[in-house]
Amino acid sequence: MNITIRQLEVFLALFDTRSFTAAATQRHMTQSAVSKVVAELETQLGFALFDRTTRRVQPNAQAVEFHPFAVEIIATMRSAARSVAELADLQRGRVGIAASPMMVYGLLAPLIADYRKRYPGVQFDLHELSTDETVASVLAGRVDFGLGAIDHEIAGADTQVAFEDSMFAVVRADHPMAARKKVPWKALALWEHISLRNVYTVRRTIDDIVARQGIALPSAIEVGTLTAALGLVRAGAGVVVLPGYAARIAQEWGLKACAIADIGATVHRIHVIRRQKSTLSIAARRFLDELRMSAGKLPARP
Numbered sequence: 001m002n003i004t005i006r007q008l009e010v011f012l013a014l015f016d017t018r019s020f021t022a023a024a025t026q027r028h029m030t031q032s033a034v035s036k037v038v039a040e041l042e043t044q045l046g047f048a049l050f051d052r053t054t055r056r057v058q059p060n061a062q063a064v065e066f067h068p069f070a071v072e073i074i075a076t077m078r079s080a081a082r083s084v085a086e087l088a089d090l091q092r093g094r095v096g097i098a099a100s101p102m103m104v105y106g107l108l109a110p111l112i113a114d115y116r117k118r119y120p121g122v123q124f125d126l127h128e129l130s131t132d133e134t135v136a137s138v139l140a141g142r143v144d145f146g147l148g149a150i151d152h153e154i155a156g157a158d159t160q161v162a163f164e165d166s167m168f169a170v171v172r173a174d175h176p177m178a179a180r181k182k183v184p185w186k187a188l189a190l191w192e193h194i195s196l197r198n199v200y201t202v203r204r205t206i207d208d209i210v211a212r213q214g215i216a217l218p219s220a221i222e223v224g225t226l227t228a229a230l231g232l233v234r235a236g237a238g239v240v241v242l243p244g245y246a247a248r249i250a251q252e253w254g255l256k257a258c259a260i261a262d263i264g265a266t267v268h269r270i271h272v273i274r275r276q277k278s279t280l281s282i283a284a285r286r287f288l289d290e291l292r293m294s295a296g297k298l299p300a301r302p
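Mapped onto full-length UniProt numbering, the consecutive letters of the sequence shown carry residue numbers 1 to 302.
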């Protein structure tokens, strides 16, 4: 038995239309070609599939029984073809992402490195931006998607929480707080802080928390990058509060990350930001899926 995909597609067209004329139109074939293909399929199967009259074609009991198997085979083959096409696309794709510098460094860098080991043909175009600039870049179509903590609806964009992270106080290894696994916000108010500019939603998250706590974090230094903040902490200029993915970088710098005791375990929500009605490339969609899965496995503390 050597049944072909073409035979199954013609069978399904004739089964659905009950007409050689309609089936021929649907399959872009002549009526005689449809009749010939169906006859070949019936020969392969060893039984008739249709009761034919001069005006109508009626599927018989064998056709009704055979129909779901034909549907399943065609669906499987189409799915396989899509998978192969996607794999081919992953050999030459491009992914554009906008995110804060600390997110690129602490969250995306290891994921991109791992992804490119498996798909070396995929190129990445990374835009290290503030949260506001990230949103603008997404809306302008300059990137496939952005990452940021969003606290309001954005016209023209779809946002979805990718993961939630805890906040940590980062100090020098010889700082009085370094020996503590957890510190309360009120204890943090006793020390000078390095602040990120408020164009980053990490800063907005912190400002909101301390306002609800009824405290103030003294700060005489404001910076725009993670490396500047960590460099100042290492120099002994103060303390910085960071989300967990960035606090893990601080440990690589020889700094100590202390969990903050009196806030919820998940206070900093990172969103995927996409332009409404946009369609991601296969490469971008695959990476975004992997990002969501990996981010969901982030440990509660660095």
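Glycine residues also receive a C-beta, built at the ideal position from the N, C-alpha and C atoms.
Everything numeric in this text was worked out from a predicted model, so none of it was measured.
Beta-carbon gap between residue i and residue j smaller than 8 Å
i           : j           : result
residue 175 : residue 240 : no
residue 197 : residue 222 : yes
residue 108 : residue 99  : yes
residue 161 : residue 269 : yes
residue 185 : residue 260 : yes
residue 230 : residue 255 : yes
residue 24  : residue 37  : no
residue 9   : residue 27  : yes
residue 170 : residue 257 : yes
residue 139 : residue 157 : yes
Three-state class that DSSP yields for residue i in the structure shown
i           : result
residue 249 : helix
residue 301 : Its pLDDT being 43, under 50, residue 301 is placed unreliably in this model, and the coordinates cannot settle the point.
residue 287 : helix
residue 2   : coil
residue 294 : helix
residue 195 : strand
residue 282 : helix
residue 91  : coil
residue 206 : helix
residue 75  : helix
residue 63  : helix
residue 200 : coil
residue 68  : helix
residue 187 : helix
residue 140 : coil
residue 102 : helix
Residues bridged to residue i (per DSSP)
i           : result
residue 145 : 97
residue 169 : 241, 258
residue 158 : 274
residue 182 : 259
residue 164 : 269
residue 213 : DSSP output for residue 213 lists no bridge partner at all.
residue 123 : 94
Host alpha helix (DSSP H) of residue i (start-end)
i           : result
residue 130 : Per DSSP, residue 130 belongs to no alpha helix (DSSP H) and is neither H nor E.
residue 7   : 5-17
residue 45  : 31-45
residue 27  : 20-27
residue 110 : 109-118
residue 231 : 226-234
Nearest neighbour of residue i, chosen from the options [CA to CA]
i           : options            : result
residue 303 : 141, 283, 49       : Only positions 1 to 302 of the chain appear in the structure, and residue 303 is not among them; the question remains open.
residue 168 : 245, 77, 10        : 245
residue 95  : 119, 203, 76, 84   : 119
residue 91  : 42, 230, 163, 123  : 123
residue 208 : 105, 256, 267      : 267
residue 14  : 132, 156, 129, 64  : 64
residue 303 : 40, 56, 237        : Because the chain is modelled from 1 through 302, residue 303 falls outside the range shown and cannot be assessed.
residue 142 : 228, 278, 114, 196 : 278
residue 72  : 12, 130, 275, 227  : 12
residue 125 : 144, 61, 135, 114  : 144
residue 305 : 160, 243, 182      : Given a span of 1 to 302 for the chain in the structure shown, any question on residue 305 remains unanswerable.
residue 203 : 235, 156, 236, 148 : 148
residue 275 : 262, 136, 5        : 136
residue 70  : 155, 154, 3, 214   : 3
residue 273 : 115, 132, 93, 10   : 132
residue 220 : 195, 178, 151      : 195
residue 177 : 68, 233, 287       : 233
residue 5   : 187, 44, 281       : 44
residue 101 : 93, 146, 68        : 146
residue 188 : 214, 53, 151       : 214
Residue i: first and last residue of the uninterrupted beta strand (DSSP E) it sits in
i           : result
residue 222 : 219-223
residue 57  : 57-59
residue 52  : 50-52
Residue-chain proximity (residue i, chain D), Cβ-Cβ < 8 Å
i           : result
residue 131 : No chain D appears in this structure, which consists of one protein chain only.
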